[in-house]
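Those sequence lines, one after another, are chains A and B. Under UniProt numbering, the first residue of the first sequence carries the number 1, and numbering increases by one thereafter. Under UniProt numbering, the first residue of the second sequence carries the number 1, and numbering increases by one thereafter. The structure under discussion appears below in the form of structure tokens.
Number of protein chains: 2
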Amino acid sequence: MEREHLVKAFDEELRTVTDRVVEMGARVERLFDAAVDALVDGDINRASNLVIEDAQIDALDAEVEEAAIHVIARRQPVAADLREIFSAVRIAADLERVGDLSKNIAKRAVLLGHDRPKPGTTTVLEDMAVFAKKQLHDVIDAYINGDSVKAEAVLNGDVELDTYYSACFRQLITYMMEDTRSITSCAHLLHVAKSVERVGDHATNIAEYVLFRVKGEIPRGRPKGADLEDVLARDLGKGA
Amino acid sequence: MEREHLVKAFDEELRTVTDRVVEMGARVERLFDAAVDALVDGDINRASNLVIEDAQIDALDAEVEEAAIHVIARRQPVAADLREIFSAVRIAADLERVGDLSKNIAKRAVLLGHDRPKPGTTTVLEDMAVFAKKQLHDVIDAYINGDSVKAEAVLNGDVELDTYYSACFRQLITYMMEDTRSITSCAHLLHVAKSVERVGDHATNIAEYVLFRVKGEIPRGRPKGADLEDVLARDLGKGA
Chain A
1 MEREHLVKAF DEELRTVTDR VVEMGARVER LFDAAVDALV DGDINRASNL
51 VIEDAQIDAL DAEVEEAAIH VIARRQPVAA DLREIFSAVR IAADLERVGD
101 LSKNIAKRAV LLGHDRPKPG TTTVLEDMAV FAKKQLHDVI DAYINGDSVK
151 AEAVLNGDVE LDTYYSACFR QLITYMMEDT RSITSCAHLL HVAKSVERVG
201 DHATNIAEYV LFRVKGEIPR GRPKGADLED VLARDLGKGA
Chain B
1 MEREHLVKAF DEELRTVTDR VVEMGARVER LFDAAVDALV DGDINRASNL
51 VIEDAQIDAL DAEVEEAAIH VIARRQPVAA DLREIFSAVR IAADLERVGD
101 LSKNIAKRAV LLGHDRPKPG TTTVLEDMAV FAKKQLHDVI DAYINGDSVK
151 AEAVLNGDVE LDTYYSACFR QLITYMMEDT RSITSCAHLL HVAKSVERVG
201 DHATNIAEYV LFRVKGEIPR GRPKGADLED VLARDLGKGA
């Protein structure tokens, strides 16, 4: 009975850690969606209100870490349990960054303010954001269900986001050349496009830790040579 | 004697972890320096050669994590030792990102290629990079020496980097408006400026974990309201 009690208490503590990560995931997803919507709709009020959401996500990240250290110190877990805790901490760190990026997108929406670029400027950016949202949603799903197939699919999807970024870069550069008055707003949008691309990078980092948790292999970085800059070089070489 | 032997073995394992982090720090510092130099000098060959350096840094990050999990599983450390290991893992993750950013700066140098902007375009960016290098160097020093005063100084220095970015943003926007043929190269430089600013953000993340290791307080995020976008809003409001 005593042993059973201990195991149960440990399981509950472990679940406190993973539940926090899942809660973070849900909040981060909502924040990213809302920030992109506020940017596209030019809704400055909504964008301003999103900034405080990020603080709550930061607090959850700190809670995950605190709970993880607590569990390790008290329960001295090994093998699969230790991997579970480790991946939770790394995933929380990535989610926290996605929260930061979303907050920064909201702040760029405020910066853009009434100096909005003409309609059509954000078409590629919007498609790109839809894809990034899907990557983020899928990887959180993969974490919740320990679904390594879905995690692999997220890893493989990242190159598509790089292609979107490259298309977005060329679209915005073209607008800047056509109308110099749009340069400042397009520069902000270029930055937002980069943030969206980075949300995708964090989704792949998370996918790697989902795989680590399931399979026990330490992620050693994605295959090199498929960086965003390589996609840009390919596309710009074709003539922007 | 047995206990003494165990303690010694544990200390050695712990040192394997922290030594790897210190080695990563030295390599990352060199890579960042070299990438910025290659960009400013327009040295495409040198920039191309830097890409492989980053793979070695990624491998070290994986080694830190592997060694950390190994030590936790075998030795079941608590309190200060556990903090030591935890901060090593988080710092290694930040250094790995700085390595990625440096590699991406090198790749943008290749993209810029012979389509270089006219002299003077990168003056603010160069000053900014010098400051970021100092932040990175100081925080690695603070980690090696467990120097919380230096770590605090790095935390306080980050706002200066945001101010540099804002100045750089305005300088590049001005060049773009003056000469539309410079738009593509200046867009790449804007992106490099953002990468340099992010190197600074990682330096502050590392500073927080140096403080965590020394003082035992989980970092709860920097004081909010001092984001890059806030500095931009202040400066652009004044009229770019």
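The beta carbon of each residue, even a glycine, is placed where N, CA and C say it ideally should be.
{"Check": "At least one CB of chain A closer than 8 angstroms to the CB of Thr163/B: is that the case?", "Outcome": "no"}
{"Check": "Does the structure place the region 95 to 104 of chain B close enough to the region 49 to 58 of chain B that three or more beta carbon pairs sit under 8 angstroms?", "Outcome": "yes"}
{"Check": "From the DSSP output, in three-state form, read off Gly146/A for me.", "Outcome": "coil"}
{"Check": "Here's the rule I'm using: 16 or more other beta-carbon atoms within 10 Å means buried, otherwise exposed. How should Glu65/B be labelled?", "Outcome": "buried"}
{"Check": "Please list, in chain order, the chain A residues whose beta carbon lies closer than 7 angstroms to that of Val231/B.", "Outcome": "Going along chain A, no residue has its Cβ under 7 angstroms from Val231/B, so there is no contact; the nearest lies around 11 angstroms."}
{"Check": "Please report how far the alpha carbon of Pro119/B lies from the alpha carbon of Ile91/A, in whole angstroms.", "Outcome": "43 angstroms"}
{"Check": "Tell me which residues share the same chain as Leu172/A and place their Cβ nearer than 6 angstroms to its Cβ, disregarding the 5 neighbours each side in the sequence.", "Outcome": "Cys186, Leu189 and Leu190"}
{"Check": "Would you call Arg15/B buried or exposed, if buried means 16 or more other Cβ atoms sit within 10 Å of its Cβ?", "Outcome": "exposed"}
{"Check": "Examine the Cβ distances between the region 21 to 31 of chain B and the region 205 to 216 of chain A and report whether three or more of them are shorter than 8 angstroms.", "Outcome": "no"}
{"Check": "Give me, in chain order, the residues of the same chain whose beta-carbon lies closer than 7 angstroms to that of Ile144/B; leave out the 5 immediate sequence neighbours on both sides.", "Outcome": "Val22"}
{"Check": "With a threshold of 16 other CB atoms inside 10 Å of the CB of Thr123/A, please say whether the residue is buried or exposed.", "Outcome": "exposed"}
{"Check": "Keeping to the same chain, check which residues put their C-beta closer than 7 angstroms to that of Ser195/A; ignore five residues upstream and five downstream.", "Outcome": "Leu101, Asn104 and Ile105"}
{"Check": "Compare the beta carbon distance of Ala47/A and Ala109/A with 8 angstroms and say whether it is the shorter of the two.", "Outcome": "yes"}
{"Check": "Leaving aside the five residues before and after Arg27/B along the sequence, list all residues of the same chain whose C-beta is less than 8 angstroms from its C-beta, in chain order.", "Outcome": "Glu53, Gln56, Ile57, Leu60 and Gly99"}
{"Check": "What is the rounded straight-line gap between the Cα of Leu232/B and the Cα of Met177/B?", "Outcome": "18 angstroms"}
{"Check": "Name, please, each residue of chain B whose Cβ falls closer than 8 angstroms to the Cβ of Asn44/A.", "Outcome": "For the sequence presented, residue 44/A should be read as Ile rather than Asn. Correct list: empty, because the minimum Cβ distance to chain B is about 12 angstroms."}
{"Check": "Taking only the alpha-carbon atoms, compute the straight-line gap between Ala142/A and Gly25/A and give it to the nearest angstrom.", "Outcome": "11 angstroms"}
{"Check": "Flag Lys150/A as yes if its beta-carbon sits less than 8 angstroms from any beta-carbon of chain B, otherwise no.", "Outcome": "no"}
{"Check": "Name the two residues that bound the continuous alpha helix (DSSP H) containing Ala87/B.", "Outcome": "In the sequence as presented, Ala is not what sits at residue 87/B; that position holds Ser. Ala79 to Leu112 is the extent of the alpha helix (DSSP H) around Ser87/B."}
{"Check": "Answer with yes or no whether the minimum CB distance from Val139/B to chain A is below 8 angstroms.", "Outcome": "no"}
{"Check": "Taking the straight line between their C-alpha atoms, what separation do you get for Val40/B and Arg170/B?", "Outcome": "19 angstroms"}
{"Check": "Does the distance from the C-beta atom of Ala129/B to that of Tyr165/B stay below 8 angstroms?", "Outcome": "no"}
{"Check": "Spell out whether any CB of chain A is found under 8 angstroms from the CB atom of residue 244/B.", "Outcome": "Look at the range of chain B in this structure, 1 to 240, and you will see that residue 244/B is not part of it."}
{"Check": "Taking all protein chains shown into account, do 16 or more other C-beta atoms lie within 10 angstroms of the C-beta of Arg234/B, making it buried, or fewer, making it exposed?", "Outcome": "exposed"}
{"Check": "Taking Cβ-Cβ distances shorter than 9 angstroms, what residues in chain A pair up with Val78/B?", "Outcome": "Ile72, Ala73, Arg74 and Gln76"}
{"Check": "Given a threshold of 16 other Cβ atoms within 10 Å of its Cβ, counted over all protein chains shown, does Lys107/B qualify as buried or as exposed?", "Outcome": "buried"}
{"Check": "Quick one: give me the first and last residue of the alpha helix (DSSP H) that Arg213/B is part of.", "Outcome": "Ile183 to Lys215"}
{"Check": "Are Ala203/A and Val149/A touching if we call contact CB-CB under 8 angstroms?", "Outcome": "no"}
{"Check": "Considering only residues of the same chain and omitting the five flanking positions on each side of Thr121/A, which have a CB-CB separation below 6 angstroms?", "Outcome": "Tyr175"}
{"Check": "Please list, in chain order, all residues of the same chain as Phe10/A whose beta carbon is under 7 angstroms from its beta carbon, the five residues on each side excluded.", "Outcome": "Arg75"}
{"Check": "Find the residues of chain B that neighbour Met177/A, judging by a C-beta separation of less than 7 angstroms, and give them in chain order.", "Outcome": "Thr180 and Ile183"}
{"Check": "Can you name the residues of chain A whose CB is closer than 8 angstroms to the CB of Leu211/B?", "Outcome": "Under the 8 angstroms cutoff, chain A gives no residues; its nearest Cβ is about 13 angstroms from Leu211/B."}
{"Check": "Which residues in the same chain have their Cβ closer than 7 angstroms to the Cβ of Val214/B, if we skip the five residues on either side of it in sequence?", "Outcome": "Gly146 and Ser148"}
{"Check": "Report yes if the C-beta distance between Ala88/B and Val17/B is below 8 angstroms; otherwise report no.", "Outcome": "yes"}
{"Check": "Which chain A residues sit within Cβ distance under 8 angstroms of Leu82/B?", "Outcome": "Ile69, Ile72 and Ala73"}
{"Check": "Would you call Val78/B buried or exposed, if buried means 16 or more other Cβ atoms sit within 10 Å of its Cβ?", "Outcome": "exposed"}
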